[in-house]
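Asker:
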Amino acid sequence: MADREYLRPSTLVEAVELMAAAPGRRIVAGGTDLMVYIREGKERPSALVDVTGIPELNGVRKLDDGALAVGAAMTHSMIGSDPVIQAVAPLLSDASSSVGAVQIRNLATIGGNVVNGAVAADTLSALAAFDAAFITYGAEGEKRYTIDEFFLSPGKTAVGAGEILTKIILPPQPKAAHAFIKVARRRAAAISRLAVSVMANPSEGYARIAVGAVLPKPGRITMAEEALMNGFDLSAAKAAGDAAKAHVLSISGERPSMVYKLPVVSSAVEKAIIKALSLKGVK
Amino acid sequence: MGTFNKVVGVDGVRRDTVDKLTGKERFSGDYKIPGALALAIARSSEAHALIKNIDLTKAKALPGVVRVFTAEDVPGENSYGIIPITKDQPMLAAGKVRFKGEAVALVAAESLEVAREAAALIEVEYEPLKASFTPEEALADGAEAIHDKGNLCFEHDSLMGDPDKAFAEAAVIVEDTYTTSAIEHSYMEPESGFAVMEDGVVVVTVSTQNPHYDHADLCRLLGLEEDKVRVKQATTGGGFGGKLDLSVHSYVALATLLTGRPSRLAYTREESFAASAKRHSFTIKYRTAADAEGNLLAVDAELVADTGAYASYGVAVAMRAAVHAAGPYMVPNSRVYSRAVYTNHVFSGAMRGFGVPQVALAHESQMEKIAAKLGMDPIELRLKNALKPGDKTITGQVLGDSVGIRECLEKIKAVRDEWGAAKGDDDGVRGIGVGAMLYGIGNTGVSNPSTAQIRVNKEGGVTLYTGCADIGQGSDHVLLGICAETLGLAREDIALVRADTMLTTNAGATSASRQTYISGNAVKAAAEMFIAKAVEAAAKVSGSAASELCFTGTAVKGPDGELSLLEIAESLRAEGRELEGEGYFDPETVPLDHHTGQGKPYSTYGFAAQLTLVHVDKATAEVRVEKLFAVHDIGKAIYPQGVIGQISGGSAMGVGLALMEEFDHTSDKNFDTYLIPTVLDVPDVEASFIEHAEPTGPYGAKGVGEPALIPTAPAIVNAIADAVGVRITSLPANLERVHSALQLMGGK
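Pasting the structure below:
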């Protein structure tokens, strides 16, 4: 591995300047993906600009409208144990706690998870369920993206070269029960085969359903959510699962990995709803 | 003798624990070797091809490159391999490559960066040949011959009684085909070593399981006399069979011999994956016959193993799998046909269990199927057929006294009763499964002796010399324990010289679960001879009768006082003799007949049974092993914690074999995609053992290293079948396979 410059700005302005100062520089936070790419020779950055020391990227703040602003440089360990996030967005806590293994969660950040835009990134289904928004800072100042604007295609996001993801905004939600399910080939340090995020509150007629690892970009599955509007019971849970499966099939189509994944989208969404609402009497 | 000073059977901190935990222990990569050349290997991009030309021009021109080697530079015979009849592997490809990743050229340079860059600059012109990636393809008409002798590496037949008649008369016949996957050993420390020249001797320090074999094949490759090569085993970070083959050894030895400079090489994880042995994948067609009461009448099994591009241990795996095909049961009639077939995969070799974990999946699944057909309890069925002392195995061997399988099964049964019925929950279903096994200790039907010496050292204490490589499993602690017990000392009183071909004699490979039994016996014999010699010499010096003298560990005591070991050694030296005990042990075996497979392959067997409770998630098909109880008949635990450690670790490996490990030769480059169990995937293993003392074993000991993992996968697969009612016959039982089983279950 060749030697390269490692820069650690303490302000956003400085970070944007450093990124612009020479070509081929890359932003790094936890580095749990980037360092692997560098070792594999897939990335050869001229310098690494570490953004984890910038105040705007750290901490959790409740905004005036009740939304939660989560700093992009927060590690998954921090998110998993943060009392505010646990109280307001436990779905995200659970999703972050499912990432990799303890050693990875201690380094990897939610911003990194988001910016890489990997289809199987563990937090994306949770962020989709929240209809999260994304704040960046660059040469043109601050920008705000909706989740649909932010994720373009597998591995591709709208973030420009000199632009830094600073915050993830979780809009306020009704009080809701939740469940997060990650399916993988083992119980730690494994890529999701499938992830399911559910939030629901029957008395408010509120349901949010999103899945990860089976769609090219994250987003809610409104067809599945609507299935719950007929009543939050076992048959509606099954209908929601089937709707989620139909949605995934319509977008991702049949392919070898779907022989397993498609039916499991259906049963795992059903299971997540049952789990969130503690509906008893499964099969 | 020695019982007054208990060492055997007593726990305590293992001698290497603290140094390993604190990082004081040095592995070969930790040594500073001033002036050492860095090596890098150019590997084949083709699975099967003729080499038309190797252009080294650009590599040699790179500043910092000292020398580049190809097959033409190998001074001796460019072929090696552990089994004498199949030394078919070149250290550098000669005219042909047989798997992707095979070594074609070797670069020695002043730095690792330069060596690797130069290796990448080597241009090889290939003429691709048709490659075979399954035994079926390799044996088909028109398949390209991978070796001159063709693609059948080895075949083995075994016949006992009249299986056809037994099948004709059987009340129950069950039949199925089972497949298992290729598996990477995944030792923590990849292959690593270095070489230096010392007084005209090439001294290779290396991570290895078998220094004396390494020495012999290095002499062959380098064309050197025995005294011109020395192999020292470095502290070794795991092996599991994967460090029985030569790896870095030959490259560092060649570079150092031909340049006169020290050299070192450590495989990257990617190189280790690409170029080290894998567990043989097997296809097993298996038929079993039983009478209406559940007595086994016959087995008929056909085993095919993918041995990859080179034989390595293929012969031993195919033969051992055949010998163990019927499991720990009395089967009066049998036919087994076993083959190892060359393909263009990276070579398969030894891996913990040598083919027995593969056949155990088959025989243990078959037992469940018979029990189901007869409506019998699966443990009762096993008990009914379990081998007893005096029973005959399928090779016609009459078993001796140490046959603990019945007791293992009785224990399993009691634990199953304690667990109660497996109940599902909201998320899924549960099931309980049993796996049982026998495992022959030592090499199959061949002489495989060990030797050891005990000598007085300058301090007046004793030193144990053994060629046995401790690869982390703890043989040092076990052998010192046997030595201490016999001499009436503590382990700390004994110095150890281990696994150095100049200082120690051959103990054979650390494989086949053989070192406790075979090297343990050699050490015990050496200690007994040492005592006898000391007493005899002391009698002569003191004029007392030997019967009046007592060996104390540090001296010989008599009616007129005592003589220290140094004093005794001095008196012997005056006669031109040494105070030394030499031990030798070779288990009694009878080679297997070439046509019938009959003989006495091993002098003793380990036995075991394991019980698992699994949870199968009905939504996602995830399997969680919630409980694992293991009981092993190991003869005698020399170091009980070590036995428990082996069973626990082996069971964890068995979880991988059962649920997730499957080496994909085209895509698995490292642990990014090749998944082995994490601590979260393995339950707390409740490991236990019983001690059916083996009369020929040191203090009754047998072995446990490989038995540890053999029953685990069958127990898990049987538990899944119990949970979902559908049997998985191909390993691993991954998400997709379990999901298919669940769907079949749902369809009922």
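Just so you know, the sequences run in chain order C and Z.
Here the numbering used here is used: the first residue of the first sequence is 3, the next is one more, and so on.
Here the numbering used here is used: the first residue of the second sequence is 622, the next is one more, and so on.
Ideal Cβ placement from N, Cα and C applies to all residues, glycine included.
#1: Could you pull the DSSP bridge partners for Z:Val1177 from this structure?
#2: In three-state terms, what does DSSP make of Z:His1216?
#3: Who pairs with Z:Pro705 in a beta bridge, going by DSSP?
#4: Less than 7 angstroms between the C-beta atoms of Z:Ala1336 and Z:Val873, yes or no?
#5: Tell me, to the nearest whole angstrom, how far the beta carbon of C:Thr2 is from that of C:Ala135; I am working on the premise that it is less than 8 angstroms.
#6: Round the Cβ separation of Z:Ser933 and Z:Ile743 to the nearest angstrom and send it over; I've been treating them as touching at under 8 angstroms.
#7: Compare the C-beta of C:Ala246 against all C-beta atoms of chain Z and say whether one is closer than 7 angstroms.
#8: Can you tell me which of Z:Met1058, Z:Leu1363, Z:Ile706 and Z:Ala1143 puts its alpha carbon nearest to the alpha carbon of Z:Val1050?
#9: Considering Cα atoms alone, identify which of C:Gly140, C:Leu172 and C:Leu230 is closest to C:Val161.
#10: Say whether chain Z places a C-beta atom closer than 7 angstroms to the C-beta of C:Arg188.
#11: For chain Z, check one thing: does any of its Cβ atoms lie closer than 7 angstroms to the Cβ of C:Val62?
#12: Beta-carbon within less than 8 angstroms of Z:Leu760's beta-carbon, same chain only, minus the 5 sequence neighbours each way: which residues are those?
#13: Give, in chain order, every residue of the segment 34–60 of chain C whose Cβ lies closer than 7 angstroms to some Cβ of chain Z.
#14: Just the C-alpha distance for Z:Ala942 and Z:Glu646, rounded to the nearest angstrom, thanks.
#15: Below 9 angstroms on C-beta distance, what does C:Lys177 contact in chain Z?
#16: Just checking, does the segment 724–740 of chain Z make contact with the segment 655–668 of chain Z on the three C-beta pairs under 8 angstroms criterion?
#17: Just to make sure I have the definition right: I need the residues of chain C whose C-beta is within less than 9 angstroms of the C-beta of Z:Asp1302. Which are they?
#18: Between the segment 800–812 of chain Z and the segment 853–864 of chain Z, do three or more beta carbon pairs fall short of 8 angstroms?
#19: Judging by CA-CA distance, which residue of Z:Gly1220, Z:Ala983, Z:Cys1171 and Z:Ala1314 is the nearest neighbour of Z:Thr798?
#20: Buried or exposed: Z:Met1123, going by 16 or more other Cβ atoms within 10 Å of its Cβ?
#21: With a threshold of 7 angstroms between beta carbons, is Z:Ala895 in contact with chain C?
#22: When you compare the CB positions of Z:Leu842 and Z:Gly716, do they come within less than 7 angstroms of one another, or not?
#23: Specify whether the segment 12–26 of chain C and the segment 97–109 of chain C touch according to this definition: at least 3 beta carbon pairs, one from each stretch, less than 8 angstroms apart.
#24: Ordered along the chain, which non-local residues of its own chain (more than five positions away) have a Cβ less than 6 angstroms from that of C:Lys277?
#25: What alpha helix (DSSP H) runs, 4 residues minimum, are completely inside the segment 60–127 of chain C?
#26: What are the partner residues of Z:Pro1319, as DSSP defines its beta bridges?
#27: So what's Z:Thr1210 in DSSP terms, helix, strand or just coil?
#28: Would you mind sorting Z:Lys627 into buried or exposed? The rule is 16 or more other CB atoms within 10 Å of its CB.
#29: Whose C-alpha, out of Z:Lys1248, Z:Thr826, Z:Pro1261 and Z:Ala895, is nearest the C-alpha of Z:Ile1311?
#30: Contact criterion: CB-CB distance below 7 angstroms. Does C:Val266 meet it with respect to chain Z?
#31: Would the beta-carbon of Z:Pro1277 fall within 7 angstroms of that of Z:Leu1330?
#32: Tell whether a beta-carbon distance below 7 angstroms holds between Z:Ala729 and Z:Leu660.
#33: Measure the alpha-carbon distance for C:Ala179 versus C:Ile275 and round it to whole angstroms.
#34: Rounded to a whole number of angstroms, what is the C-alpha to C-alpha distance between Z:Glu846 and Z:Val695?
#35: Closest Cβ-Cβ distance between C:Val213 and chain Z: below 7 angstroms?
#36: Establish whether the CB of Z:Gly1368 and some CB of chain C are separated by less than 7 angstroms.
Answerer: With the structure as the only source:
#1: Counting from one through the second sequence, the residue named residue 1177 of chain Z turns up at place 556. Beta-bridge pairing links Z:Val1177 to Z:Phe1172 and Z:Leu1184.
#2: In the second sequence, the residue the question calls residue 1216 of chain Z occupies position 595. In the structure shown, Z:His1216 sits in coil (DSSP, three-state: anything other than H, G, I, E or B).
#3: Residue 705 of chain Z sits at position 84 when you count from the first residue of the second sequence. Answer is none; Z:Pro705 lacks a bridge partner.
#4: Position 715 of the second sequence, counting from 1, holds the residue named residue 1336 of chain Z. Position 252 of the second sequence, counting from 1, holds the residue named residue 873 of chain Z. Not in contact: Z:Ala1336 and Z:Val873 (Cβ atoms no closer than 7 angstroms).
#5: Summary: the structure shown does not reach residue 2 of chain C, with chain C confined to residues 3 through 285, and so no result is reported for it.
#6: Working through the second sequence from its first residue, we reach residue 933 of chain Z at position 312. Working through the second sequence from its first residue, we reach residue 743 of chain Z at position 122. Not quite, the Cβ-Cβ distance comes to about 26 angstroms (not below 8 angstroms), so this is no contact.
#7: Position 244 of the first sequence holds residue 246 of chain C. It does not; no Cβ of chain Z falls within 7 angstroms.
#8: In the second sequence, counting from the first residue as 1, residue 1050 of chain Z sits at position 429. Looking at the Cα atoms, Z:Leu1363 is the closest of the given residues.
#9: As a first step, residue 161 of chain C is located in the first sequence; it is residue number 159 there, counting from the start. It is C:Gly140.
#10: For the purposes of this step, residue 188 of chain C is taken as the residue at position 186 of the first sequence. Proximity of C:Arg188 to chain Z, defined by a Cβ-Cβ separation below 7 angstroms, is satisfied.
#11: By one-based count along the first sequence, residue 62 of chain C stands at place 60. Residue contact with chain Z for C:Val62: absent (no Cβ-Cβ distance below 7 angstroms to any residue of chain Z).
#12: By one-based count along the second sequence, residue 760 of chain Z stands at place 139. The beta carbon of Z:Leu760 sits closer than 8 angstroms to those of Asn772, Leu773 and Val962, all from its chain and outside the five residues before and after it, given in chain order.
#13: So the list is empty, because no residue satisfies the distance condition.
#14: Looking up residue 942 of chain Z in the second sequence gives position 321. Looking up residue 646 of chain Z in the second sequence gives position 25. Just so you know, the alpha carbons of Z:Ala942 and Z:Glu646 end up roughly 37 angstroms apart.
#15: The count along the first sequence starts at 1 and reaches residue 177 of chain C at position 175. Going along chain Z, no residue has its Cβ under 9 angstroms from C:Lys177, so there is no contact; the nearest lies around 24 angstroms.
#16: Touching, yes, given that three or more Cβ pairs across the two stretches are closer than 8 angstroms.
#17: Residue numbering aside, residue 1302 of chain Z sits at position 681 when the second sequence is read from its first letter. Simply Arg188, Arg189 and Ala190.
#18: With the cut-off at 8 angstroms, the segment 800–812 of chain Z and the segment 853–864 of chain Z touch.
#19: Position 177 of the second sequence, counting from 1, holds the residue named residue 798 of chain Z. Nearest option by C-alpha distance: Z:Ala983.
#20: In the second sequence, counting from the first residue as 1, residue 1123 of chain Z sits at position 502. When all chains shown are included, Z:Met1123 counts as exposed.
#21: Numbered from 1 along the second sequence, position 274 holds the residue referred to as residue 895 of chain Z. No, Z:Ala895 does not count as interfacial toward chain C.
#22: Within the second sequence, the letter at position 221 stands for residue 842 of chain Z. Within the second sequence, the letter at position 95 stands for residue 716 of chain Z. No; because the gap between Cβ atoms is not below 7 angstroms, this pair is not in contact.
#23: In short, these stretches do not touch, since the Cβ pair count stays below three.
#24: Position 275 of the first sequence, counted from the first residue, corresponds to residue 277 of chain C. In its chain, beyond the 5 residues on either side, Ala181 have a beta carbon closer than 6 angstroms to the beta carbon of C:Lys277.
#25: If one requires a minimum length of 4 residues, the alpha helix (DSSP H) runs lying completely within the segment 60–127 of chain C are 78–83, 85–90, 92–99, 104–107 and 112–118, in chain order.
#26: Looking up residue 1319 of chain Z in the second sequence gives position 698. In the DSSP assignment, no residue is bridged to Z:Pro1319.
#27: The count along the second sequence starts at 1 and reaches residue 1210 of chain Z at position 589. Coil, per DSSP.
#28: What you label residue 627 of chain Z is simply residue 6 of the second sequence in a count that begins at 1. The residue is exposed, with fewer than 16 neighbouring Cβ atoms inside 10 Å.
#29: On the second sequence, position 690 is the one that residue 1311 of chain Z refers to. Closest option to Z:Ile1311, Cα to Cα, is Z:Pro1261.
#30: By one-based count along the first sequence, residue 266 of chain C stands at place 264. At least one chain Z Cβ lies under 7 angstroms of C:Val266.
#31: In the second sequence, the residue the question calls residue 1277 of chain Z occupies position 656. In the second sequence, the residue the question calls residue 1330 of chain Z occupies position 709. Residue identity check: residue 1277 of chain Z is Gly in the sequence provided, not Pro. No, the pair does not count as a contact, with Cβ atoms beyond the cut-off.
#32: For this step, residue 729 of chain Z is matched to residue 108 along the second sequence. For this step, residue 660 of chain Z is matched to residue 39 along the second sequence. Yes, these two residues count as a Cβ contact at 7 angstroms.
#33: In the first sequence, counting from the first residue as 1, residue 179 of chain C sits at position 177. In the first sequence, counting from the first residue as 1, residue 275 of chain C sits at position 273. Approximately 9 angstroms, taken between the alpha carbons.
#34: Residue mapping note: residue 846 of chain Z aligns to position 225 of the second sequence, counting from 1. Residue mapping note: residue 695 of chain Z aligns to position 74 of the second sequence, counting from 1. C-alpha separation (whole angstroms): 15 angstroms.
#35: Counted from its first residue, the first sequence places residue 213 of chain C at position 211. So, not an interface residue.
#36: Translated into positions along the second sequence, residue 1368 of chain Z becomes position 747. In this prediction, Z:Gly1368 has a pLDDT of 49, which is less than 50 and means its spatial position is unreliable; nothing more can be read from the coordinates.
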